[in-house]
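The working numbering puts the last residue of the sequence shown at 1118; the count rises by one with no breaks.
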Amino acid sequence: MEPIFHNYQFTDRVRNQLDWDGHYMFPNLLTQTACQNLTQALVHIESLIPTAVSGHEPNRFAAEYNDYLESLISHPDLLKLARRALGEDIRYDHCVTLNRSANNQGIGWHSHEYSDDDSSLGFIRIFFYVNGFQVNDGGLKVVPGSHLYRDSKIRAKNDEDLEANWMTGNSHPMTGEELKIETLSAPTGTVILMWTHAAHGVTSRKPDSDTRWTVVYAYRNPGRQSRARWISPAYERKTIPGAESLMGLH
Ligand SMILES: O=C(O)CCC(=O)C(=O)O
Ligand SMILES: [Fe+2]
C-alpha cells in the first residue's frame, strides 16, 4: 500500500507530550496523494448526506460508504500510529467525517467516554485535518491535562463557561499548574492524536472560508462497551483485508 504519512518520529518526547497534554499534533504528516484521495472521499461523503438514511448516516459510518476511507482502517501507517499510542491490542471504533463548510457553527466544549474508571484501557482519536484550519476558523481548542481527569461529562457552551465552571479548582494533575485553554492552528495535511477524555471544542468556520475537510479514525483497547462505536452489524462481519482482528467489540 502507498504510504499516507511522511516520515515522522514517535519519540519518548512525543509520547510524554501526548500523555501530559492529551493531544499531539503532527503538522504536514499526510502526503499530497493522501490529501487528494481524502478530499475526493470527503466530497463523496458530502454528496451522500442529502439522501441519508437516519441511523446509518454517511458522515457517521463514513468508511461503510467509501472504499478509500474503508481501506485506511487497516492501513499500515495508521495502525502503526494507533499502536504507538495504545499498544498492540487495538480495535477500530469509528470513522466519522467532520467537514465544516462556511458558517459552520463548530462545536462547544466536550469530552468523550471510554473506560472512565480504568485508565489502563485507552481510546484515541486520530484526526486528519486534510486542508488544516486556523484559530477562529474551524479551529480545534484543547485544555492540556484535562484528559487526566477521565471525566466524560465535560460540557461548556463557550470558553468563559468552561473557565468559570469545569476549569475552576482543577489543575494539571501532573504539573499542578493552572489549566489553560489552547487554541491550535494546523497547516495542510495535519494529523492530531487525542485521548478521548480531553476537553475539546471547535470554533465556527468563517463565512468566506472554504470547507474544512476532516475525518477522524478512532481506535481503542478492547475491554469495554464504547458509546461512539459506529459500526453497523453487517459491516462488522465484512471481511476487510488486514482488519480481521480490529472490527469486534472485544
Ligand atoms: O471537528 C473537529 O475538529 C472535532 C470533532 C470532535 O469533537 C470529535 O470528533 O470528537
Ligand atoms: Fe469530540
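Glycine included, C-beta positions come from ideal geometry on N, C-alpha and C.
The beta strand (DSSP E) spanning residue i covers which residue range?
i	result
L1008	1008-1010
I992	991-997
Y1080	Before going on, a small fix: residue 1080 reads as Arg here, not Tyr. Run containing R1080: none; DSSP gives neither H nor E here.
Output yes or no for whether 7 Å exceeds the beta carbon distance between residue i and residue j.
i	j	result
N999	R1073	no
I941	A902	no
N1004	T907	no
T965	L1008	no
V1084	F995	yes
A953	L1061	yes
Y892	L898	no
V1010	H1068	yes
D961	A1086	yes
D984	R1023	no
L1052	M1035	no
N896	G1057	yes
F991	A1054	no
A970	S1100	no
N967	T879	no
R928	W1098	yes
W1063	G890	yes
L840	C963	The chain is shown only over 869 to 1118; residue 840 falls outside these bounds and no answer can be derived.
Considering just the uninterrupted stretch of the alpha helix (DSSP H) at residue i, what are its terminal residues?
i	result
Y892	No alpha helix (DSSP H) contains Y892, which is instead part of the beta strand (DSSP E) from 891-894.
H912	900-916
R1097	Where R1097 is concerned, there is no enclosing alpha helix (DSSP H), given that its DSSP letter is neither H nor E.
L937	935-940
Under the criterion of a Cβ to heavy atom distance below 6 Å, does residue i qualify as lining ligand 3?
i	result
L897	As presented, the structure is devoid of ligand 3, carrying ligand 1 and ligand 2 as its sole ligands.
Between residue i and chain D, is the shortest Cβ-Cβ distance under 7 Å, so that the two count as touching?
i	result
S987	This model lacks chain D altogether, as it is built from one protein chain only.
*Assess, as a yes-or-no matter, whether the stretch 909-924 is touched by the stretch 932-939 under the definition of 3 or more beta carbon pairs within less than 8 Å.*
yes
*Could you pull out every unbroken alpha helix (DSSP H) segment of at least 4 residues lying fully inside the stretch 1008-1077, listed in chain order?*
1027-1032
*Report the residue ranges of all beta strand (DSSP E) runs contained in full by the stretch 953-984; include only those spanning at least 3 residues, in chain order.*
959-965, 975-978
*Is the stretch 1030-1042 close to the stretch 1076-1096, with three or more CB pairs under 8 Å?*
no
*Mind the definition here: the stretch 1103-1112 touches the stretch 973-981 only if three or more C-beta pairs lie below 8 Å; say whether that holds.*
no
*Would you list the residues whose beta-carbon is nearer than 6 Å to any heavy atom of ligand 2, in the order they occur in the chain?*
H978, H980, H1068
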